[in-house]
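Residue numbers (the numbering used here): 56 to 520.
Below is one structure, written out as structure tokens, with a few remarks after it.
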Ligand code: SF4
């Protein structure tokens, strides 16, 4: 125990760990931090030397998967570039559907004989992008054929198709359902036609509602959608109408999340050059956040995570939970990120280079990380804080570190500032803490990692000169 206290003292002796503290303020939800620290909380990876990338990957592929698992298929095309999006990769052309599908099938087959692929069931499969629903019906069928032939999907595997409303025609929806899709995640963002158009989205409010009702009529899959707050010129009236409209559709769940403006996106650039009004400020975003909680609680939705709400038990949100937590993710497609037993890897984003490599029988990996020995602990913290709570006492037993005493000075300050409450080794995020959960998660992971590092260092015997 003493060594962990020594580790704590070494973290930031100059300003007494204040780097890990929250700004104390009467209005803590607005002032807890200057800004959101990242989109997702997570520690920096240590990468294997570039020349060893393929050999490390091959070793990892021969291991059984040790943890729960998702698979992710990334379709790197978009029909338009939504102004706020940093994931745009390739414009979609109809002829690309067959070419991409041929390549994807080859890519999936490359791992067919690998233990990491076949050793255990896959609990969630997610089609994302880009726009997976851009692909043509014939190709959708071919992709599902290969998936069912090669990937060991669990009997209750959640299979999500991330959909763009303009693509959701009846023939495509039927092809997805025939392929086993049991969850549609629709990127609506807002029902307000004017606001949508200003952000580069095409479909209008009536089309969105019509298409959602069409998918619902099959009664064969969960339907969830994303709503975003923080757009330039978005008013509280628009936000309330978005939430109430989504509620009136009686879907299985939906997300209410905050807009992130990245400087390299068209939106970031246009805000910077003054051609678009700035996105909403922190104070206004906190008002929108609190309003969403009020309206969702009033409508008796259950909260699965800080941003995600469930109306029916058809919605399980498995993939998203796995993506934040300690899970493997077998990924396929140009630009996809994946993970096997804590080894994170990223597939080449350059579509031409990706296709050439796959056609030569090589999965083009840009880098692969070597997991920290406490990787699972940090991922569990990330997953749990995103859910709005953290059972530190349980993690202390599970990972055999004195996490409660180690984090006491930080957590006590957070409680005093009003972003958490603590009881019996559990921490619960207040609404202010929920608004800033990414920062809290990031800080806590960093603090624990540094404390362990310094304590282990101070524990080492002096080396005689
Ligand atoms: S939001 Fe989706 S469809 Fe729009 S540019 Fe980004 S990835 Fe493409």
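No residue lacks a Cβ here, since even glycine has one placed at the ideal position from N, Cα and C.
Here the structure is a predicted model, which means the values were calculated and not measured.
Requested in this report: Classify residue 483 as buried or exposed, calling it buried when 16 or more other Cβ atoms lie within 10 Å of its own Cβ.
Outcome: As a working mapping, residue 483 is identified with position 428 in the chain shown. Of the other Cβ atoms in all chains shown, fewer than 16 fall within 10 Å of the Cβ of residue 483; this residue is therefore exposed.
Query raised in the report: Roughly how many angstroms separate the alpha carbons of residue 280 and residue 98, rounded to a whole number?
Result: Translated into positions along the chain shown, residue 280 becomes position 225. Translated into positions along the chain shown, residue 98 becomes position 43. For residue 280 and residue 98, the distance between alpha carbons rounds to 29 Å.
Query raised in the report: At which residues does the alpha helix (DSSP H) containing residue 469 begin and terminate?
Result: For the purposes of this step, residue 469 is taken as the residue at position 414 of the chain shown. Where residue 469 is concerned, the enclosing alpha helix (DSSP H) stretches over 458–472.
Query raised in the report: Roughly how many angstroms separate the alpha carbons of residue 174 and residue 241, rounded to a whole number?
Result: Within the chain shown, residue 174 is the residue found at index 119, counting from 1. Within the chain shown, residue 241 is the residue found at index 186, counting from 1. The alpha-carbon atoms of residue 174 and residue 241 are separated by roughly 32 Å.
Requested in this report: Could you name the residues of the same chain whose beta carbon sits closer than 7 Å to that of residue 100, not counting the 5 residues immediately before and after it, in chain order?
Outcome: Position 45 of the chain shown, counting from 1, holds the residue named residue 100. Counting only Cβ-Cβ distances below 7 Å, and skipping sequence neighbours, we find 399 and 424.
Query raised in the report: Is residue 142 near the ligand SF4, with its Cβ less than 7 Å from a heavy atom?
Result: One-based indexing of the chain shown puts residue 142 at position 87. Checking the Cβ of residue 142 against the ligand SF4 gives yes.
**Report entry** Reduced DSSP category for residue 300 - H, G, I as helix; E, B as strand; rest coil
**Finding:** Within the chain shown, residue 300 is the residue found at index 245, counting from 1. Three-state result, residue 300: helix.
Query raised in the report: Taking the C-alpha atoms as reference points, what is the distance between residue 453 and residue 447?
Result: The residue given as residue 453 occupies position 398 in the chain shown. The residue given as residue 447 occupies position 392 in the chain shown. Approximately 10 Å, taken between the alpha carbons.
Query raised in the report: Is residue 217 near residue 183, with beta carbons less than 8 Å apart?
Result: By one-based count along the chain shown, residue 217 stands at place 162. By one-based count along the chain shown, residue 183 stands at place 128. Yes; because the gap between Cβ atoms is below 8 Å, this pair is in contact.
Query raised in the report: Going by DSSP, what residues sit across from residue 54 in a beta bridge?
Result: Within the shown structure, residues of the chain are numbered from 56 to 520, placing residue 54 beyond reach of any answer.
Query raised in the report: How big is the Cα-Cα spacing for residue 214 and residue 383?
Result: Position 159 of the chain shown, counting from 1, holds the residue named residue 214. Position 328 of the chain shown, counting from 1, holds the residue named residue 383. Cα to Cα, the separation comes out at about 16 Å.
Report task. Sort 344, 352 and 501 by Cα distance to residue 437 and report the nearest one. Result -> Translated into the one-based positions of the chain shown, residue 437 becomes position 382. Among 344, 352 and 501, the Cα nearest to that of residue 437 belongs to 501.
Query raised in the report: Residues in its own chain within less than 8 Å of residue 504 by CB, not counting five upstream and five downstream?
Result: Numbered from 1 along the chain shown, position 449 holds the residue referred to as residue 504. Within the same chain, residue 504 has close Cβ partners 98, 427, 429 and 433.
Report task. Note down, in chain order, each residue of its chain lying with its Cβ closer than 6 Å to the Cβ of residue 69, except the 5 sequence neighbours on either side. Result -> To locate residue 69, count along the chain shown from 1; it is residue 14. In this prediction, residue 69 has a pLDDT of 48, which is less than 50 and means its spatial position is unreliable; what the coordinates show is noted afterwards. Contacts found: none.
Query raised in the report: If residue 167 and residue 198 are in contact, beta carbons under 8 Å, what's the gap, nearest whole angstrom?
Result: Position 112 of the chain shown, counted from the start, is the residue given in the question as residue 167. Position 143 of the chain shown, counted from the start, is the residue given in the question as residue 198. The pair is not a contact, with the Cβ atoms about 15 Å apart (cut-off 8 Å).
Query - Cut-off 7 Å between Cβ atoms - residues of its own chain near residue 380, not counting five sequence neighbours on either side - result: Position 325 of the chain shown, counted from the first residue, corresponds to residue 380. Taken in chain order, the residues that qualify are 434, 435, 437 and 438.
Query raised in the report: Tell me the DSSP bridge mates of residue 444?
Result: Taking the chain shown and counting its residues from 1, the one referred to as residue 444 is at position 389. Answer is 483, bridged to residue 444.
Query raised in the report: Looking at residue 242 and the ligand SF4, is the gap between the Cβ and the nearest heavy atom below 7 Å?
Result: As a working note, residue 242 is residue 187 in the chain shown. Proximity of the beta carbon of residue 242 to the ligand SF4 is indicated: a heavy atom of the ligand is located closer than 7 Å.
Query - Identity of the residue in 396, 387, 397 and 394 nearest residue 409 by Cα - result: Indexing the chain shown from 1 puts residue 409 at position 354. The candidate whose alpha carbon is nearest that of residue 409 is 387.
Query raised in the report: Three-state secondary structure (DSSP) at residue 516?
Result: The sequence position of residue 516 within the chain shown is 461, counting from 1. With a pLDDT of 47 at residue 516, under the threshold of 50, the modelled position of this residue cannot be trusted; read the value that follows with caution. Here residue 516 sits in coil by DSSP.
Query - Whole-angstrom distance between residue 159 and residue 416, CA atom to CA atom - result: Walking along the chain shown from the start, residue 416 turns up at place 361. Walking along the chain shown from the start, residue 159 turns up at place 104. Near 12 Å, if we compare the C-alpha coordinates of residue 159 and residue 416.
**Report entry** For residue 266, the three-state DSSP class (helix, strand or coil)
**Finding:** Locating residue 266 in the chain shown gives position 211, where the first residue counts as 1. Residue 266: helix per DSSP, three-state reduction.
Query raised in the report: With distances taken between CB atoms, is the gap from residue 358 to residue 307 smaller than 8 Å?
Result: Numbered from 1 along the chain shown, position 303 holds the residue referred to as residue 358. Numbered from 1 along the chain shown, position 252 holds the residue referred to as residue 307. It is not a contact, given that the beta carbons lie outside the stated cut-off.
Query raised in the report: Smallest Cα separation from residue 390: which of 397, 403, 378 and 396?
Result: Your numbering for residue 390 matches position 335 in the chain shown. Measuring from the Cα of residue 390, the nearest candidate turns out to be 403.
Report task. Report back the beta-carbon spacing between residue 165 and residue 407 to the nearest angstrom; my notes put them in contact at under 8 Å. Result -> Within the chain shown, residue 165 is the residue found at index 110, counting from 1. Within the chain shown, residue 407 is the residue found at index 352, counting from 1. That belief does not hold up - the Cβ atoms of residue 165 and residue 407 are roughly 18 Å apart, past 8 Å.
Query raised in the report: Beta carbon of residue 184: closer than 7 Å to some heavy atom of the ligand SF4?
Result: The sequence position of residue 184 within the chain shown is 129, counting from 1. Taken from the Cβ of residue 184, at least one heavy atom of the ligand SF4 lies inside 7 Å.
Report task. Please find out if some non-hydrogen atom of the ligand SF4 comes closer than 7 Å to the beta-carbon of residue 136. Result -> Mapped onto the chain shown, residue 136 falls at position 81. Correct: residue 136 has its Cβ closer than 7 Å to the ligand SF4.
Query raised in the report: Cβ of residue 297 within 8 Å of Cβ of residue 245?
Result: As a working note, residue 297 is residue 242 in the chain shown. As a working note, residue 245 is residue 190 in the chain shown. Yes, Cβ-Cβ distance for residue 297 and residue 245 is below 8 Å.
Query raised in the report: Three-state secondary structure (DSSP) at residue 510?
Result: The residue given as residue 510 occupies position 455 in the chain shown. In this structure, residue 510 counts as helix in the three-state DSSP scheme.
Query raised in the report: Is residue 148 near the ligand SF4, in the sense that its beta carbon is under 7 Å from a heavy atom of that ligand?
Result: Numbered from its first residue, the chain shown carries residue 148 at position 93. Flag unset: Cβ of residue 148 not near the ligand SF4.
**Report entry** C-alpha gap between residue 392 and residue 401, whole angstroms
**Finding:** Counting from 1 along the chain shown, the entry for residue 392 is found at position 337. Counting from 1 along the chain shown, the entry for residue 401 is found at position 346. Cα-Cα distance, rounded: 4 Å.
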